[in-house]
Each structure stands twice: as C-alpha cells, then as structure tokens.
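Residue numbers (my numbering), protein chains in the order written: chain A, 684 to 1089; chain B, 684 to 1089.
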C-alpha cells in the first residue's frame, strides 16, 4: 500500500471543487465531488432520532439509486430541525447539481453541517452550485479546496489517500472529512466522503463500509454528542479496470485494508483536531474477554470528562481511568488491571494489579506532555483488544461552544 | 412539613463533629455522626465495578448488621484502588470509632472521598477519630462542621432538614452531602448522610431510600463520571416515639415525602455547586409515553457537554437540546416536540413542533443569564414526566480537573 499526499481527487475520474457561496460570513462554504462516470455508492449515517434533511435524503439514495455521480456539501447551516421546508430545500440543492451536471437528481448525495434549526438560504446555495460546477477539477488542490469548504470549527482540513494493486491494476482510495464538535462514537460518524476507482458491487461496498466504521469513525469521540448530520459516503466508479469484486476474495480484503487506512487516518485527524483539543489521546484495552467489552471499555475512558481534563493538565491521574472503566457497564476484575502511558517521550507502567507502581510523577508528566498520548489498560483475562481515539478537554472547548452561534 | 435551618443533628439523639486531622494540607478533613441509641440503617452505593474499601465495608454493614450507631467520614483520600491494605485501613478506621464510642465495629459506617489510589494515613486517622469523639455535639453548628469536613472541591457545605408529624409526634429528617465532581446519575450518589428520629423497620427504611434516590440523587449529573465511592447512608433511631412503621401506610408516605424533600434539596445543591458551575440547570421532560423514557431524555440533555457549554454562554442553542434527546436511545417524534426555557426572568417557547418559533434571542439570553435555569421539552404523546438537575460546563471545570492533585 502506497500512501499518497492527496484526497478525494486521487482516484481516477473524480473531480472536486470548493467555493465561497455566501452561507458563512467569510470562509469557503460549499463543496462538490463529481465522478465522470456513474459510481456505486455506500453510506453510513447518524443513528440520532433527529435526522437532518440531507441524511434522510442520502439514506434513500443509498438504498434505492443504482449509482451516484455527485456529492454536494455545505457548511454554515445543518438543515436539521427544519421541517418540510428543509426537505424541499435539500431536494432543490440536489436538483441544482443534477441540472448543472446533466445527471439524475437521484444520483446526487447531499450533506450539510453547521447550526441546527436555521433554514437554508436556497438562492445562495443554487448560485453556489453553479460556481462549483464551473470550478470542478481533478487536481490535488481541487480536493483540498473541497475539504476546506466543509470545515466548521476544524482548524485544518482532513484528507488521506492510498493506492494498492489488484489484478495488476493500481487502485486508489482517497477521502476527506470534517469533525471537531458533536462527535461521539456510539453511532455513525461526521461528514466524510471517500472516493475510489475500484470496481466493486454496490452490496460489497456497503458491507465493507459498515464493517469498517466500527473500527474507525465509531471509535473516536470528541464530546459524546452524536450529531444530527453524521454521514460517511463512499463512491466507487470502477475506472481502475480491475475485475469487478463480487465476493469476499483477496482483492476484497486488500480493498478493506486500504479503506481502513484512509478512514482511520481521517478519524484520528478528527479526534486530534477536536474542538479546543491540544493533543490526540489514544486508549487501548488489551487482554479483554471479548472485543465487545474492549470496545466499551476503551470508549468509556476516551469519553470521560475527568480523564480528558487530566490529559489536558498532563496529570497522570490514573484513578480516573480505572474509575471510567468501572462504570462502563463491563464486569472485570479491577485488582488484575495493569495500566501504561506512552508517547514519543517514553513508556511507563502506572498501575500493576489495580494498584499504583512506584512510578516517577515527573516522567509521567513528561510523557503526557506530548502531542500524541496513549494509555493502555491490560485486563489480563483474555486476548481481545480495541483502540479508541479522542482528545483532551480544554478551556477552548468550552469557549468555542459557549458562543458557537455568535 | 416544616423546613428547618439544620442538618444531620436536627433529629433527636444525633450528635456530630467535624475536625482537621491532618489528611489534607489545611482544611477540615474528618467527620463523625453518632446516634446516642442504636439506629436502623439503609444505604445505596455506587454501581461502579471499582468500589472503594469503605463502600465494600458499608454494603456488608447494611446487609448484615442489625443496627448502626456511627458514621465516620474523611476527605482528602478516597481509599479506592488500594488493595487489601486499603480494606485493612478502612476496618482500622471503623475500629477506632468503635473503641472511642464503646460500640461494636459492625455498627460503624465508613465513607471516604478524595484522590483515588493513595493509601490512608492511618495513624493520622486514628488520632482524628479521638479528636472527633471528644468534639461530638448535638447543636446545629456541629452538623455544619461535619458537613464542611467532607467537602473536596465543593464551594459550600450542603445541609437540609425538615420536620413533620406522625401519631402526634414530631419527626425530624436531616441530612448532609458533598458533591462537586465525578458525579453522574446512572448509578447511585456521592457521599450523603441522612439522620432521622423516626421509628421504622430496617426493611422499609431501605425500601424508602432505594425508591427515593431514583428521583433525587440519581437525577443529577455534573460530569457523567460515576465515582468509586458514592454512598448515601440513612440512620433512623426511633427517638421521636412514633408507632414503629412496619407497613406502607400513611405515616410511611409522609416520611417518604420528607425524605424526598431533604434528598432533592441536597441533590440540587450538589448540581448547582458542580465543579466550576455558575448556575443550576434543570431539565424537565413532559408528555412522554413512559417515565422511563422521560428519565432517559432528561438525563441525556443534562449531560450533554454541548448543551452545558451553551448554558454557560447564555446561548439559546436549542438544536443541541433536540440533538441530545435524539441520541438518547429513546424513540420519539422530533416533529412534535415543543421546547421552553424558563427562569426568574421569564418563560419563552423556543420550539414548536420541532421547529424554531419567532422568539427574541435577546429575551432568551436574559432568561438564561439567571442563576437557576430550566428547560422543558414537551413530547406531546403521553403523560409521563421526569426532572433532572445539572450545571453548566465552564472554564473552571477544566481548570479544577486539569490539576486536581497539585
């Protein structure tokens, strides 16, 4: 697998654009991704009962449309809690793309992110679509513009791409995503688009995606708040020319590995760039009886406000990690647990058999001061493991969210 | 029911003391509550798998001892994750009280709060118990000293007492509690002691307590972190002289009402004084299909970091409230929901049938700027209701928890 410095335009036949349409005050606010040929599609979506209009639309498109050719996205307004007017506006946004690109409205995915409860400025959006259609390009930079246009409180755009070989053909998988706030693993994900030139059946593409998010986007958390708009969309247009994948063979496994590289990379970037975050915090649970239990435990640690505050303060307050494991709902023997922290500055065993080791607080603080910090809990009862990603809880998280709308 | 300005010493025959023993650097750190006659006991405890030594001890005492006569509490160290040495230290603390008061060790409840993972300075504690025994008094002030001695990051002590009449006898119920951090409703409570001179069977006292916490302490949240040490202990010594309550008659109902007044008052004080909090935030869900669903929904709102940050910023970002309801796991129709905010400054309907009303942002901000703020969501599908209490998420919460141990 080859890592590429690119994003949604890395795969053959995909173009992108990102523009300022006028939804936000200043920054870019609309993006379009377009495949020159029809692509099979797959999607995973928020499980929030309150679903934004684009999520409802995309669920239908995922199920009923034979293929998809475009994804239109906007930031600045979420089109959630907007009633039938919101549904209509969403359809008008899709229709604007269909008209501009001369494709069917049912082959257009939509995605929105921003404030909940405000109606879309549909005139602005329709004009924005015309701008986007005129700007579509297949260069790396075009993908970057698209990734920038979907940012809200993100501090940098998130892209990733890899290539690998099947049947002697080079296959490329690239993606972009936005994260930052209202991010919680129990459910689906935030806005993300992955494009590939792989030839694969629609059914297997969906299966690959559904399995993948459990280990990637569903394992990150910024604030335990699951958005109304979470959507991860994948388009596969087949231009790489490999033999169409219709069964779970070696080629399928290779694609799953590449997909997982891209989604995990994007997910980790999202966690590290969580609202107000100063560092990426990774938790690994090993030696568990089942993967399910390891998942619950690692997520419980990563979502604890107390643990996250301690990580911000570079404080090796390991009691909070054991506490967070203890209320997770998983039954385990606390008197058996070993706990380690780790970063580029070293590794340290803080707890052995549920009690403090004679560790150096100074060294612990040094380890925790890094930009990427990992905590590992070993239950020592089985072989199952899980890894989750999050970030620290900071003054800036509160600041950003105390006056998000102003 | 008469509201009294008192606490654990309000009921007949209860004495208390609070002293500085030397566990903490400066502030009072040990408390003792003593009944001059044996009292029947009841307790509810954390459901965290990681249980502190005093919790394990108290669960046994609650089940096996016929009565209890003293509760000894310390702050500064939690005696959690301390292994068999911790269990031994806890027993030595109970034994010190038993020796000082000449009672059985099995009639002594213990409770600890503070840092997890540190061993108790048992010599200091044994000396502290002697100080406490010498200081025991039945005045209101003695109860206040005890309430102060169990504070950690609390900014004020929490007490409450009421009296009412059964069989022509005045019955008094008084309590104290400490809260502030690691507080989450799904489980039991934090440290709390309630004393009453009521005559009641041990079985019914436990039943009354277990039913009560579901509506009081289990309905508050500061940070979704359920402590390893949560304990709520009740002693009833019978000195009021009423006919012993052994069935669920009118007298039982009257006691339950008084108990609920005291526990709800303490719980709300705990929420309002949550770490770093600037205001009490109450959420009420009405019109739900079942109480269970109303409970889940109201707790989901009260525990959302995004909602809590908006409340801190006096920002009527109601979309976050609907979002938090949406990911709670309860199925409801978002297009039916009405949403109100309310404080001493007025009441305002923000949402009707899932969409924004034409409300004044200025007035909304004024309402949210009060010290006690309430949000009510009406599902309009049934008659069940629930109320939960929490607080805002502030810079100070992060500050307190980034360097709690230093």
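Note that CB positions come from ideal geometry on N, CA and C, so glycine has one too.
Computed from a predicted structure; not experimentally measured.
>> Whole angstroms are fine: how far does the CA of residue 741 of chain B sit from the CA of residue 792 of chain B?
In response: 6 Å
> Taking Cβ-Cβ distances shorter than 8 Å, what residues in chain A pair up with residue 1078 of chain B?
Replying inline: 1078, 1081, 1082
> With C-beta atoms as the reference, is residue 717 of chain A less than 9 Å away from residue 699 of chain A?
Replying inline: yes
> Interface residues of chain A around residue 835 of chain B at Cβ under 8 Å?
Replying inline: By Cβ distance, chain A contributes nothing, its closest Cβ being about 13 Å from residue 835 of chain B, past 8 Å.
>> Applying the 10 Å Cβ sphere with the 16-neighbour rule, what's the burial state of residue 959 of chain B?
In response: buried
>> Within a Cβ cutoff of 7 Å, which residues of the same chain sit near residue 773 of chain A, ignoring the five residues on either side of it in sequence?
In response: 736, 737, 740, 762, 793
> What are the residues that DSSP puts in a beta bridge with residue 713 of chain B?
Replying inline: B/702, B/757
> Over what stretch of residues does the alpha helix (DSSP H) that includes residue 1078 of chain A continue unbroken?
Replying inline: 1078 to 1085
> Does DSSP put residue 1017 of chain B in a helix, in a strand, or in coil?
Replying inline: The answer is helix: DSSP assigns residue 1017 of chain B an H, G or I state.
> In three-state DSSP terms, what is residue 871 of chain B?
Replying inline: Bear in mind that the predicted position of residue 871 of chain B carries a pLDDT of just 30, short of 50, making it too unreliable to give a figure here.
>> Please list the terminal residues of the continuous beta strand (DSSP E) segment that includes residue 694 of chain A.
In response: Residue 694 of chain A -> no beta strand (DSSP E), and no H or E assigned at all.
> Along chain A, which residues have their Cβ under 9 Å away from the Cβ of residue 929 of chain B?
Replying inline: Within 9 Å Cβ-Cβ: nothing; residue 929 of chain B doesn't reach chain A, min ~36 Å.
> Does any CB atom of chain A fall closer than 9 Å to the CB of residue 981 of chain B?
Replying inline: Chain A contact via Cβ: absent.
>> Please report the straight-line C-alpha distance between residue 1031 of chain B and residue 786 of chain B, rounded to a whole angstrom.
In response: Residue 1031 of chain B and residue 786 of chain B: Cα-Cα distance of roughly 58 Å.
>> Whole angstroms are fine: how far does the CA of residue 1040 of chain B sit from the CA of residue 715 of chain A?
In response: Whole-angstrom Cα-Cα distance: 33 Å.
> Grouping DSSP H, G and I as helix and E and B as strand, with all else coil, what is residue 796 of chain B?
Replying inline: strand
>> The alpha helix (DSSP H) that contains residue 806 of chain A, what's its start and end?
In response: Element bounds for residue 806 of chain A: 805 to 818.
>> As a quick exercise: from A/937, A/993, A/800, pick the residue whose alpha carbon is nearest that of residue 767 of chain A.
In response: A/800
> Of the residues A/803, A/823, A/779, A/838, which one's Cα is nearest the Cα of residue 759 of chain A?
Replying inline: A/803
>> Pop quiz: residue 1042 of chain A and residue 1051 of chain A are said to be a contact at Cβ under 8 Å. What is the actual Cβ separation, rounded to whole angstroms?
In response: About 12 Å separates the CB atoms of residue 1042 of chain A and residue 1051 of chain A; that is not less than 8 Å, and the two are not in contact.
> Is the distance from the Cβ of residue 916 of chain A to the Cβ of residue 726 of chain A below 9 Å?
Replying inline: yes
> Relative to the C-alpha of residue 946 of chain B, which residue among B/838, B/777, B/743, B/843 is closest?
Replying inline: B/843
>> Tell me the residue span of the beta strand (DSSP E) that contains residue 1035 of chain B.
In response: 1029 to 1035
> Around the Cβ of residue 830 of chain A, are there at least 16 other Cβ atoms within 10 angstroms (buried) or fewer (exposed)?
Replying inline: buried
> Assuming residue 845 of chain B contacts residue 953 of chain B under a Cβ cut-off of 8 Å, what Cβ separation, rounded to an integer in Å, is found between them?
Replying inline: That belief does not hold up - the Cβ atoms of residue 845 of chain B and residue 953 of chain B are roughly 18 Å apart, past 8 Å.
>> Tell me the DSSP secondary structure of residue 1023 of chain B in three-state form.
In response: strand
>> Please report whether the beta-carbon of residue 801 of chain A lies at a distance below 9 Å from any beta-carbon of chain B.
In response: Residue 801 of chain A has a beta carbon lying within less than 9 Å of a beta carbon in chain B.
> Nearest to residue 1064 of chain B by alpha carbon, out of B/972, B/862, B/1022, B/1049?
Replying inline: B/972
> Using a C-beta to C-beta distance shorter than 9 Å, which residues of chain A count as neighbours of residue 798 of chain B?
Replying inline: Using a Cβ-Cβ cut-off of 9 Å, residue 798 of chain B is close to 1000, 1002 of chain A, given in chain order.
> Does the segment 881 to 899 of chain B come within contact of the segment 926 to 935 of chain B, defined as at least 3 CB pairs closer than 8 Å?
Replying inline: Yes, the segment 881 to 899 of chain B is in contact with the segment 926 to 935 of chain B.
> Between the Cα of residue 1006 of chain A and the Cα atoms of B/724, B/694, B/913, which residue gives the shortest distance?
Replying inline: B/913
> Which of the residues in the segment 759 to 780 of chain B, read from start to end, lie with their CB under 8 Å from any CB of chain A?
Replying inline: Those residues of the segment 759 to 780 of chain B that come within reach of chain A (Cβ to Cβ, closer than 8 Å) are 761, 763, 764, 765, 766.
> Tell me, which residues are paired with residue 849 of chain A by DSSP?
Replying inline: A/852
>> On a Cα-Cα basis, can you pick out the residue from B/818, B/744, B/966 that is closest to residue 789 of chain B?
In response: B/744
> Do residue 939 of chain B and residue 998 of chain B come within 9 Å of each other at the CB atom, strictly closer than that value?
Replying inline: no
> Using the beta-carbon of each residue, which ones in chain A are nearer than 7 Å to residue 992 of chain B?
Replying inline: 1081, 1084, 1085
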